[in-house]
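Heads up: the sequence shown is residues -11 to 84, going by this note's numbering.
For glycine and all other residues, C-beta sits at the position ideal for the given N, C-alpha and C.
Keep in mind the model is a prediction, meaning the values are calculated, not measured.
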Amino acid sequence: MEIIVYDKAIHWYKEELDLQDGDTVQFFVRYGGCSNVQKGFSLGVAKQTPDDIGAALKKDGITFFIENRDLWYFDNHNLLVDLDEEINEPIFNYVN
């Protein structure tokens, strides 16, 4: 599994989460919401220290990661994080 975070989304996370070089951001599974890959679950995001990284991307001084325990959620899809400029919020896309 691969994590791809586009530059505009990285900039948004840096501002919203007050991120500095060396910080880590976790994408985690949460109960509730909706997604294209798992019904009844969605992704949460937090500035968090990793425990057991299953997938990671280091870009622009920030490490984005998913813990091993949450890899099931992606069902062999890659995670693409982009910015919806109309609503000024990140969007998650899941691709094979």
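Under a CB-based cut-off of 8 Å, is Asn81 close to chain B?
Included in the structure is just one protein chain, with no chain B present.
Bridge partners of Pro78, per DSSP?
Paired residue(s): Leu71.
Return the residue from the list Gly32, Ala(-3) and Leu5 that minimises the CA-CA distance to Ile75.
Of the candidates Gly32, Ala(-3) and Leu5, the one whose C-alpha sits nearest the C-alpha of Ile75 is Ala(-3).
Which of the three DSSP states, helix, strand or coil, is assigned to Asn66?
strand
Classify Val83 as buried or exposed, calling it buried when 16 or more other Cβ atoms lie within 10 Å of its own Cβ.
exposed
Chain-order list of residues whose beta-carbon lies under 8 Å from that of Pro38 (same chain, five-residue window excluded)
Result list for Pro38: Thr12, Gln14, Ala44, Thr51, Phe53 and Glu55, in chain order.
Less than 6 Å between C-beta atoms, sequence neighbours within five positions excluded: which residues of the same chain meet that for Leu5?
Lys35
Do Gly49 and Asp(-5) have their C-beta atoms closer together than 8 Å?
no
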